[in-house]
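With our numbering applied, the sequence shown corresponds to residues 4 to 210, in that order. Where a beta carbon is used, it is the ideal one built from N, C-alpha and C, also for glycine.
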Amino acid sequence: MSTVKMIDVTGADAGEVELAEGLFGSSINETAMYMGVKKFLAGLRRGTANTKGRSEINKTKKKVWKQKGTGHARQGNKRAPQWKGGGVVFGPKARDFTLDLNKSTRRSAILSSLAQRAGENAIVVLRGLKLEQPKTKALLTALKAAAIPENALLVFAEENGEVVLSGLNLPRLGLLHFSELNAYDVLLHSTVVFTEEALKGAEEVYA
């Protein structure tokens, strides 16, 4: 079982923490990680793009001109796609992009991504990260003191509500409740920072 150093908000060493083998010691399944990332990104797509076909256009069905004798090419009505305001051929239609993954694959994706970050020594445990009131400057000061990069993923628990509100103004900082861990966010950020409470919660959920 591997261990990582725990640091407090002043940057001082607060001892060591054993990482649960069930949470950080899984074998890395690249296929599961790929599917987990794909599912996450697909879930972000709204799928609201929609165009009207010729049968949905609200225009008259009257023939533009008679079939023969005009010198023009034969035409039907102005719902046809070659006319301005006509229907769109093979245009996008509203759809649901959500992908379904079985439970074991979703779990494997999360555990594989955490195992990869643990193998890269990119897991940090932070003790005492609490703020009396939401204040971005105070959070930024604490992160800098602990030598945590701005593009880190901060995994929090319910006790860190003020911390979450303080971090909303930091565009590169990822904020995630431990119950919402996913492969995309773990792999997107260079460092994964668990608060002490969040690490315990994640171990209970996943390990």
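Would you mind sorting S107 into buried or exposed? The rule is 16 or more other CB atoms within 10 Å of its CB. As a first step, residue 107 must be located in the sequence shown, where it is residue number 104. Under this definition S107 is an exposed residue.
Task: Reduced DSSP category for K71 - H, G, I as helix; E, B as strand; rest coil - done: Start at 1 with the first residue of the sequence shown, and residue 71 comes out as number 68. Here K71 sits in coil by DSSP.
For G18, I'd like the list of residues in its chain whose CB is within less than 6 Å of its CB, leaving aside the five on either flank, ordered along the chain.
Working through the sequence shown from its first residue, we reach residue 18 at position 15. Cβ neighbours of G18 beyond the five flanking positions: M9.
Item checked: Given L173 as reference, the closest of K147, F181, T73 and S182 once Cα atoms are compared -> As a position in the sequence shown, residue 173 is number 170, starting the count at 1. Ranking the options by Cα distance to L173, first place goes to K147.
Can you name the start and end residues of the beta strand (DSSP E) that I10 belongs to?
Here residue 10 refers to the residue found at position 7 of the sequence shown. Where I10 is concerned, the enclosing beta strand (DSSP E) starts and stops at T6 to D11.
Quick one: grab the DSSP three-state call for E21.
The residue you call residue 21 lines up with position 18 of the sequence shown. The answer is strand: DSSP assigns E21 an E or B state.
Please report whether the beta-carbon of F93 lies at a distance below 8 Å from any beta-carbon of chain C. Among the chains of the structure shown, chain C does not appear; only one protein chain is present.
Check your understanding: Do you know offhand how far M38's Cα is from G74's?
Key -> What you label residue 38 is simply residue 35 of the sequence shown in a count that begins at 1. What you label residue 74 is simply residue 71 of the sequence shown in a count that begins at 1. Linking M38 to G74 through their CA atoms gives a straight-line distance of about 58 Å.
Anyone know if the C-beta pair for F181 and V158 falls short of 8 Å? As a working note, residue 181 is residue 178 in the sequence shown. As a working note, residue 158 is residue 155 in the sequence shown. Result yes, Cβ atoms of F181 and V158 sit closer than 8 Å.
Relative to the C-alpha of G204, which candidate in K140, S58, T13 and N163 has its C-alpha closest?
Residue 204 sits at position 201 when you count from the first residue of the sequence shown. Considering only alpha carbons, the answer is N163.
Nearest-angstrom beta carbon gap, T194 and A155 [assumed within contact, 8 Å]
Looking up residue 155 in the sequence shown gives position 152. Looking up residue 194 in the sequence shown gives position 191. In this structure A155 is in contact with T194, their Cβ atoms being roughly 4 Å apart against a cut-off of 8 Å.
Measure how close the beta-carbons of R120 and I126 come, nearest whole angstrom, since I'm counting them as under 8 Å. Taking the first residue of the sequence shown as 1, we reach residue 120 at position 117. Taking the first residue of the sequence shown as 1, we reach residue 126 at position 123. With 8 Å as the limit, R120 and I126 qualify as a contact, their Cβ atoms being about 6 Å apart.
Query raised in the report: What is the DSSP secondary structure of A101, reduced to helix, strand or coil?
Result: Counted from its first residue, the sequence shown places residue 101 at position 98. According to the sequence provided, residue 101 is Thr. The question's Ala does not apply to it. Coil, per DSSP.
request  = On a CA-only basis, which of L44, R77 and N61 is nearest L190? Give me that one, please.
outcome  = As a working note, residue 190 is residue 187 in the sequence shown. Of the candidates L44, R77 and N61, the one whose C-alpha sits nearest the C-alpha of L190 is L44.
What would DSSP say about G177, mapped onto helix, strand or coil?
By 1-based counting over the sequence shown, the position of residue 177 is 174. Residue state, collapsed to three classes: strand.
Let me check understanding here. Comparing Cα to Cα, which of R49, K66, K96 and F93 lies closest to G79?
Counting from 1 along the sequence shown, the entry for residue 79 is found at position 76. Among R49, K66, K96 and F93, the Cα nearest to that of G79 belongs to K66.
Open item on the list: For a test of the three-state rule: what should DSSP assign to L184, helix, strand or coil?
Closed with: Looking up residue 184 in the sequence shown gives position 181. Coil at L184, not helix or strand.
(request) Using alpha carbons as the reference points, say which of D99, V196 and L117 lies closest to S30. (result) Residue numbering aside, residue 30 sits at position 27 when the sequence shown is read from its first letter. Of D99, V196 and L117, the residue nearest in Cα terms is L117.
Just the Cα atoms here: how many angstroms apart are W68 and A52?
-> The residue labelled residue 68 in the question sits at position 65 within the sequence shown. The residue labelled residue 52 in the question sits at position 49 within the sequence shown. About 34 Å.
- [ ] Give the straight-line distance between the Cα atoms of L143 and L178, rounded to the nearest whole angstrom.
- [x] Reading the sequence shown from its first residue, position 140 is the one you call residue 143. Reading the sequence shown from its first residue, position 175 is the one you call residue 178. Going from the Cα of L143 to the Cα of L178 covers about 14 Å.
Item checked: 3-residue-minimum beta strand (DSSP E) runs that sit fully inside the region 136 to 164, ordered along the chain -> Restricting attention to beta strand (DSSP E) runs no shorter than 3 residues, the region 136 to 164 encloses them at 156 to 159, ordered along the chain.
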